[in-house]
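Q:
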Amino acid sequence: MHSSISVSNEGNTAQALKVLLAALLLYCCVLEVVAQAGFPRLSRIQRRIASGKRDALALQPTSAEGAKTVLLLGNSLVVHGVDTQLLHKEMAPRLQSNVFAIENTQYLDWYFGLRRLFAEGSHPGVVALCLSTRQLISKGTDGEYFAHYIMQGRDLLSVRKEAKLDVTTTSNFFFASHSAWLGSRASIRNWLLGELMPNVEQLTAYLPQQVSAMPSGDVVVGEGMRRLQTLEALCASHGTRFVLVIPPSMRPGDRSDELQAAAESVGIRVVIPYRAAEMPASYFEDGFHLNSQGAVAFTEKLALALLEEEPRN
Amino acid sequence: MFFDSTAYIVFLTVVVVIYWRLSFRSQNYFLLAASYFFYGWWDWRFLFLMAGSTLFDFLIARSIGRSNDPAHRKRLLILSLVLNFTFLGIFKYFNFFVGSFVHLTSVLGLKNIPVSLWSIILPPGISFYTFQEVAYIVDVYQRKLEPADSLVDYALFISLFPHLIAGPIQRPSHLLPQVQRPRSWNSDKAFNGLILILEGLFRKVVIADNCALIANAAFDGRLEGPNLMVLLLGTYAFAWQIYGDFSGYSSIARGSAQLMGFHFMVNFRQPYLAESLQDFWRRWHISLSTWLRDYLYIPLGGNRLGSLRTYINLMLTMLLGGLWHGANWTFVVWGGIHGAGLALERLLTGTREVAKSSSFAMRWLWRIVIFNLVCVAWVFFRIPSIRGAYEQILSAGTWHWLPVYGVALEFLAVYSVILFLVDLQLEASGGEYLFETRSLGLRVATGLVFCVLITLFGANQENAFIYFRF
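Residue numbers (our numbering), protein chains in the order written: chain A, 5 to 317; chain B, 11 to 480.
#1: In whole angstroms, what is the alpha-carbon distance linking A165/B and R279/B?
#2: Along chain B, in chain order, which residues have C-beta atoms closer than 8 Å to that of T145/A?
#3: Determine, using beta carbons only, whether F167/B comes closer than 9 Å to chain A.
#4: Name the two residues that bound the continuous alpha helix (DSSP H) containing S101/A.
#5: Can you tell me where the alpha helix (DSSP H) holding V384/B begins and where it ends?
#6: Could you tell me the boundaries of the alpha helix (DSSP H) in which L32/B lies?
#7: Name the residue from L358/B, F40/B, A337/B and I147/B whose alpha carbon lies nearest to the alpha carbon of Y321/B.
#8: If you compare alpha carbons, which of H295/B, Q142/B and N202/B is closest to Q268/B?
#9: List, in chain order, every chain A residue whose beta-carbon is nearer than 9 Å to that of C385/B.
#10: Any contact between the segment 401-408 of chain B and the segment 235-247 of chain B? By contact I mean 3 or more CB pairs, one from each, below 8 Å.
#11: Excluding sequence positions up to five away, which residues of its chain have a Cβ less than 7 Å from the Cβ of F40/B?
#12: Is there at least one Cβ from chain A nearer than 9 Å to C221/B's Cβ?
#13: Quick check on G78/A: does DSSP put it in helix, strand or coil?
#14: So, helix, strand or coil for K72/A, using DSSP?
#15: Identify which residue in T340/B, A350/B, G336/B and L318/B has its Cα closest to the Cα of M328/B.
#16: Given a limit of 9 Å on CB to CB distance, which residues of the segment 158-173 of chain A reach chain B?
#17: Taking Cβ to Cβ, would you say T244/A is nearer than 9 Å to F122/A?
#18: On the three-state DSSP scale, how would you describe L25/A?
#19: Output the distance between the C-alpha atoms of K168/A and D433/B, rounded to the nearest integer angstrom.
#20: To the nearest angstrom, how far is it from the Cα of F95/B to the Cα of H335/B?
#21: I'd like to confirm the pairing. Which residues does DSSP put opposite R245/A in its beta bridges?
#22: Tell me, please, whether the CB atom of V462/B is closer than 9 Å to any CB atom in chain A?
#23: With 9 Å set as the bound, which would you pick, yes or no: does the beta-carbon of Y111/A sit closer than that to a beta-carbon of chain B?
#24: Under the DSSP definition of a beta bridge, which residues are partnered with F288/A?
#25: Please classify N382/B as buried or exposed, where buried requires at least 16 neighbouring CB atoms within 10 angstroms.
#26: At a Cβ threshold of 9 Å, is R479/B touching chain A?
#27: Quick one: what's got a C-beta closer than 7 Å to W374/B's C-beta in the same chain, skipping five residues either side?
#28: Of the choices E94/A, Y111/A and A217/A, whose alpha-carbon is the least far from that of L310/A?
#29: Going along the chain, which residues of the segment 401-418 of chain B sit with their C-beta nearer than 7 Å to a C-beta in chain A?
#30: Just mark A474/B as buried or exposed, buried being the case when its beta carbon has 16 or more other beta carbons within 10 Å.
#31: Do three or more CB pairs link the segment 169-178 of chain A to the segment 125-142 of chain A at distances below 8 Å?
#32: What residues in its chain sit with their C-beta under 6 Å from that of Q190/B, if we drop five residues either side in the sequence?
#33: Could you tell me the distance, in whole angstroms, from the CA atom of Y149/A to the CA atom of S101/A?
#34: May I ask you to report which of helix, strand or coil DSSP gives V276/B?
#35: Return the first residue and the last residue of the beta strand (DSSP E) that V38/A is part of.
#36: Thinking just about the alpha-carbon of each residue, which of G258/B, Y259/B and D230/B is nearest to the one in T245/B?
So this is what it looks like as structure tokens:
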């Protein structure tokens, strides 16, 4: 199919094509640089995550003061539900706490995240992972953010197997693991939308998919135990003790008691500071996350439970 | 490999760069291999089905082309049609018909019929390449087209990756000659192709995926419905979602093809500016509507057999067109609404284009009426059960207001208005490409604006292109 345009027009279009391609390439480079350098400065959440990671990487089994180090990992349930200063105070001087929480993360994020933390030199005395039973057995990850900021590139095929990813998602993870822009684009878009349409925050509360019914006890205990044993083995291979912390839930029937009993029978510690539906509803901010009052109550009990779990030297 | 994935952008770049370094025949071999790789990306097992179907139709068409015996030619045509539609039927409609049969028998009081539903995975794009193969066989049978001499050329015509999964359904007379003749680099075509790709990505990830957030929340009951506001929000959001999604896919497909020197037919011409239902179907999914017209409506007799038969033909064509979209009675109802609307329109206005001779205000009034009529039909398209769709429509009588509805409306308005403005420009210019007749500087700037919008406002959730499942 030959074009009917004149030679000079063809020449102009060729020039325009080159300009457009060059501009697109340049724009992509700028995006990458902005995502690498600007995003952590722009985003308060990303600053908190970067600082949490820095601290986690610097951890050794005991602190300079001789306290055993505890790395508390988790998601928004930790961000909202744990008062970090109070936790630090309550556990001192025997234990020194460090909190590293990333929103939207679940089991797979933290299993592969821990592999990366260990590989990059983190060496805490205790790893306490705070996840609900549903999050423990979930196959989900935090998508491209996880691929860039949490997992190691060399774990991609294991992630594909564990998360049952299709080829397209696997390839998306591969590219995101090499590009800060791809890794952070969802967060940047949310931040921009919030800046341009402040009301949109009201809408986002209605957008998430509805939560499906809780799986049966057999499924929770079966899959949960397999995963707890994997985490325990990973931590043990780096000389670190592992504890699972189940955060408070408003709804009963989260199967945490059954999981705790099964875990204890094989020597894996599962800490449940508040049983499901034990904490008053007034301590919850949105039916899921704790408010400041709830955070204080949970943190105090969490500190006590971790101190009890940890034998005195 | 979805068109809006990074993998596709890398794949397309590599293919285009290698492609233009090859000689003509090598280009075809290379593109065929690339297209099969693209298809196998989803599930390599379906490659055998497509390859087998391609080989079969290639051989049948050659036999039809060589034969001068009308009866033999007809037998071959019927054999091909039966086999093509059998494959389509098994993979796409088996469970639908068996499920409907079981339901019917249970309604009639016959319980425990020993029929089990199979877990059949729908091969991607089977509806599209089957229709393309059928068009080829029929054209060869009607001697409108010479059968292809080369299996590679024919296989490439069927499987050329930009149209393989969700069209546009290419007419053999348009695409096959392009495959059979050498293609030369044309900067104009490539530039337009790149702009089309950017426009398509904008339509998909900025418009469709953001509107999908509202449509899904409304129809999945997350906006505390059903009530009139939820129905309106869900319906309008879905109307822009499906349009952005499918027209975006088509634009990326056309743009990708143009980077390799091919030209695909335009699949959408501002359908929400239609002034009648007939006009809507001249603008919406043009490759399917013209296929249905030429290979179903006209062979059924079209409008040549009297008024009643014309209405029946219209209805039949739209019902089958609806069923083509998916194995669910809701799609049949969707097709039925359009069929009834087209028949009624014909009954009231004949073949006159009423709106065309009306004043500016009346034309816009017609556009609004037609858009809303199309939206009512979309409810049946979107909701997976007739009862669910019916309940949603009934909820129009319930009024309830929440502050979040205002935010959702604002969110939806921002995205739909942008696409509406793009359509107004295309409608005013009458061109195939945005700002086609304006300066190159403006067009480069438009491409860049699309790129900025795609990268900064593309929705987070991964929505597969809706038409991939058809």
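C-beta atoms are modelled at their ideal positions from N, C-alpha and C, and glycine is treated no differently.
A: If we stick to the structure as given:
#1: 29 Å
#2: Within chain B, no residue comes near T145/A; the closest Cβ sits about 13 Å away, beyond 8 Å.
#3: no
#4: Not the alpha helix (DSSP H): S101/A falls in the beta strand (DSSP E), residues L99 to A105.
#5: F370 to R392
#6: Taken as a continuous stretch (DSSP letters only), L32/B belongs to no alpha helix (DSSP H), as it is neither H nor E.
#7: L358/B
#8: N202/B
#9: The premise fails here: C385/B is roughly 21 Å from chain A at the closest Cβ pair, so nothing lies under 9 Å.
#10: yes
#11: I28, Y29 and L32
#12: no
#13: strand
#14: strand
#15: A350/B
#16: D170, V171, T172 and T173
#17: yes
#18: helix
#19: 40 Å
#20: 14 Å
#21: V130/A
#22: yes
#23: no
#24: L294/A
#25: exposed
#26: Because the pLDDT at R479/B is just 47, under 50, the model does not fix this residue reliably, and the value given afterwards should be weighed accordingly. Taking Cβ atoms only, chain A never reaches closer than 9 Å to R479/B, which makes this a no.
#27: none
#28: E94/A
#29: P413, V414, V417 and A418
#30: Only weak support exists for where A474/B lies, its pLDDT of 46 falling under 50; the value from the coordinates is given anyway. Under this definition A474/B is an exposed residue.
#31: no
#32: D163
#33: 25 Å
#34: coil
#35: Here V38/A belongs to no beta strand (DSSP E), and DSSP marks it neither H nor E.
#36: D230/B
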